[in-house]
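Residue numbers (the numbering used here): 1448 to 1990.
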Ligand code: VG1
Ligand code: CO
């Protein structure tokens, strides 16, 4: 097979963000755009020679074309093998598992996760390393450096691979294994959870609605929940992956999974509702009439994990991203185990998991996961909830209420201001940084500021430092506001404002969330002067 070396020149702006490189699909479809980034990745890891890679994606528009390009480029770079999900489908956690299971050298995941898909929407590429986790910052910096000096890429002149047939073929010396996307992932889940107990739960009349949002988890959820655990046919809705996610926004939150939310708040509500995102790494959990805030879900899963076989010996520690509420810290404290605060993005949990310092990790953005893979894992969280419900035999609402009684409640909400002019967003962040010294002791909306700083992460495992990870302002009485700019958007800047107020132990846990957060919100608006700096105080999305 003829290896072709194609001349190219650097393309600006190929800097991976919070989770891979994300751009408009049409940008990725421009000549050499994808090729440059893939070659830069091979160059950054010391070449592809003799290596094995996992390749798959969330099924969005351009997924299959990108996979064909990557397969040819892997052959051009001398790879020994690629393992590809059937029809180009692999959820992010399944890809992470396959890297580990096959002792592969890395993996390419084609996804822009919760961003919409289609020719006029978003596309993305994530590279995961040998441990199965997202490329750490050191590696993404190397990839970006390579994109700035690239002058050629390597590929082969070969036919496209038929991704619909499970079999092994070759491009020259490189083996191409097309595999079932679900089997190995399901086998892993069966080692972690008490499937018999969950099966008995469903057999006893327990009901569920799972919204796959026409994204990647459809086949996984159908195989596991309906075909294996005996949930009623129809439990999985929007279960067929579509290239444009049925024109939806595959982000599992009360806004984008509105049909599911409406059902859960109605008289016809099943016992539990759940949803997952584009690439299957996020989850939303809703009980009958009860939305479970992701930060609470993390804390509740951590507090009850010992009820599932994989975690019956207890947890090593718990990690959460900085903007995530302190609810999981309270659980760690009670369990007498370590708790860690990392920057936003799963790549920061990898070292802690590899070093055995933590077992469970989570983010306020509906990501929870454990040491079973090196990614957040939507279905894993759903199955852990089901395992806990099967053992405790209580409703979701009762378990949440119990948790608040024991630990107090961390009221929590995130406001997203999308498509803000980048300059204005940067200026608002700059203005905030300029006020740190003056703010302490000031009073806003009746709340006194006790600390104000920008989060800097010192990785306890490899000693690396990540600066500028978000502005945090703490108030007397357990309130906190965090300001961050998103690293996953493709248009202008998205300002995220994270609000939190602790009830105190034995405090009032029955307030409406937005009411409980009113003072923190007003103080955050006053301090940032948002209305003036970015011209907005009405968020596009509240979660
Ligand atoms: C967002 C979330 C973050 C998550 C990231 C990737 O990042 O806030 O918690 O890890 O998306 O998730 P940002 O920089 O936009 O705030 V996924 O499921 O979209 O890969
Ligand atoms: Co995702």
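For each residue, glycine too, the CB sits at the ideal point set by N, CA and C. Fair warning: this is a prediction, and the values are worked out from it, not measured in the lab.
Taking residue i as part of the beta strand (DSSP E), name the residues at either end of that continuous run.
| i | result |
| --- | --- |
| residue 1767 | 1764–1768 |
| residue 1797 | First-last for residue 1797: 1797–1801, but that is the alpha helix (DSSP H), not the beta strand (DSSP E). |
| residue 1655 | 1655–1658 |
| residue 1635 | It is not in any beta strand (DSSP E) - residue 1635 instead sits in the alpha helix (DSSP H) that spans 1630–1639. |
| residue 1940 | 1940–1949 |
| residue 1624 | 1621–1626 |
| residue 1733 | 1730–1734 |
| residue 1599 | 1599–1603 |
| residue 1468 | 1468–1471 |
| residue 1557 | 1553–1557 |
| residue 1918 | 1918–1922 |
| residue 1575 | 1569–1575 |
For residue i, which option in the options has the closest C-alpha, if you only look at C-alpha atoms?
| i | options | result |
| --- | --- | --- |
| residue 1806 | 1855, 1639 and 1481 | 1639 |
| residue 1482 | 1553, 1990, 1598 and 1532 | 1598 |
| residue 1874 | 1970, 1977 and 1904 | 1977 |
| residue 1671 | 1767, 1825, 1777 and 1773 | 1825 |
| residue 1964 | 1983, 1981 and 1944 | 1944 |
| residue 1935 | 1551, 1571 and 1505 | 1571 |
| residue 1942 | 1972, 1914, 1967 and 1913 | 1972 |
| residue 1468 | 1657, 1584, 1988 and 1743 | 1584 |
| residue 1470 | 1567, 1551 and 1953 | 1567 |
| residue 1565 | 1690, 1493, 1680 and 1734 | 1690 |
| residue 1604 | 1448, 1705, 1872 and 1804 | 1448 |
| residue 1981 | 1877, 1663 and 1782 | 1877 |
| residue 1993 | 1867, 1903 and 1712 | No answer is possible for residue 1993: it lies beyond the span of the chain, which begins at 1448 and ends at 1990. |
| residue 1953 | 1850, 1731 and 1463 | 1850 |
| residue 1433 | 1592, 1764, 1485 and 1701 | Since the displayed the chain opens at 1448 and closes at 1990, residue 1433 lies outside it and no answer follows. |
| residue 1959 | 1514, 1860 and 1757 | 1860 |
| residue 1723 | 1648, 1890 and 1657 | 1657 |
| residue 1641 | 1884, 1899 and 1830 | 1830 |
| residue 1665 | 1913, 1505 and 1563 | 1505 |
| residue 1588 | 1626, 1528, 1863 and 1488 | 1488 |
| residue 1755 | 1955, 1507, 1704 and 1834 | 1834 |
List the whole-angstrom C-beta distance separating residue i from residue j, where the pair is believed to meet the contact cut-off of C-beta under 8 Å.
| i | j | result |
| --- | --- | --- |
| residue 1695 | residue 1659 | That pair is no contact at about 11 Å. |
| residue 1526 | residue 1503 | Their Cβ separation, rounded to whole angstroms, is 15 Å, which puts residue 1526 and residue 1503 out of contact at 8 Å. |
| residue 1500 | residue 1476 | With a Cβ gap of about 22 Å, residue 1500 and residue 1476 do not count as contacting. |
| residue 1837 | residue 1546 | With a Cβ gap of about 30 Å, residue 1837 and residue 1546 do not count as contacting. |
| residue 1844 | residue 1736 | 7 Å |
| residue 1654 | residue 1698 | Actually they are not in contact, since the Cβ atoms of residue 1654 and residue 1698 sit about 24 Å apart, beyond 8 Å. |
| residue 1769 | residue 1929 | 7 Å |
| residue 1804 | residue 1763 | 6 Å |
In the DSSP assignment, find the unbroken alpha helix (DSSP H) run with residue i in it and report its ends.
| i | result |
| --- | --- |
| residue 1646 | 1642–1650 |
| residue 1848 | 1843–1854 |
| residue 1392 | Residue coverage of the chain in this structure runs from 1448 to 1990, which leaves residue 1392 outside it and unanswerable. |
| residue 1523 | 1510–1523 |
| residue 1482 | 1480–1491 |
| residue 1902 | Residue 1902 -> no alpha helix (DSSP H), and no H or E assigned at all. |
| residue 1587 | 1584–1596 |
| residue 1873 | 1869–1881 |
| residue 1667 | 1664–1668 |
| residue 1811 | Taken as a continuous stretch (DSSP letters only), residue 1811 belongs to no alpha helix (DSSP H), as it is neither H nor E. |
Let's test the definition: count the other Cβ atoms within 10 Å of the Cβ of residue i and tell me whether it reaches 16, buried, or not, exposed.
| i | result |
| --- | --- |
| residue 1674 | exposed |
| residue 1517 | buried |
| residue 1741 | buried |
| residue 1461 | buried |
| residue 1991 | In this structure the chain extends from 1448 to 1990, so residue 1991 is not present and cannot be described. |
| residue 1491 | buried |
| residue 1678 | buried |
| residue 1650 | exposed |
| residue 1544 | buried |
| residue 1852 | exposed |
| residue 1816 | buried |
| residue 1839 | exposed |
| residue 1593 | buried |
| residue 1938 | exposed |
| residue 1846 | buried |
| residue 1715 | exposed |
| residue 1907 | exposed |
For residue i, decide whether its Cβ has a neighbour in chain B, counting only Cβ atoms nearer than 8 Å.
| i | result |
| --- | --- |
| residue 1566 | This model lacks chain B altogether; it includes just one protein chain. |
> Are there three or more Cβ pairs, one per stretch, closer than 8 Å when the segment 1935–1952 is compared with the segment 1851–1862?
Replying inline: Counting Cβ pairs under 8 Å, three or more are found: they touch.
>> If contact is defined by three or more beta carbon pairs under 8 Å, each pair taking one atom from either stretch, is the segment 1823–1843 in contact with the segment 1718–1734?
In response: Cβ pair count under 8 Å is three or more, so yes.
> If we count Cβ pairs, one from each stretch, closer than 8 Å, do we get three or more for the segment 1789–1806 versus the segment 1570–1584?
Replying inline: Taking 8 Å as the limit for Cβ pairs, the verdict is that the segment 1570–1584 does touch the segment 1789–1806.
> Per the contact definition of three or more C-beta pairs closer than 8 Å, is the segment 1884–1899 in contact with the segment 1920–1931?
Replying inline: Between the segment 1920–1931 and the segment 1884–1899 there are three or more C-beta pairs closer than 8 Å, enough to call the two in contact.
>> Is it the case that the segment 1621–1635 contacts the segment 1528–1540, given that we only count it when at least three CB pairs across the two stretches are under 8 Å?
In response: Enough Cβ pairs lie closer than 8 Å, so yes.
>> Does the structure place the segment 1509–1523 close enough to the segment 1609–1621 that three or more beta carbon pairs sit under 8 Å?
In response: Under the Cβ criterion (8 Å, minimum of three pairs), the segment 1609–1621 counts as touching the segment 1509–1523.
> Touching or not, the segment 1769–1785 and the segment 1742–1750, by the rule of three or more beta carbon pairs under 8 Å?
Replying inline: The segment 1769–1785 vs the segment 1742–1750: in contact.
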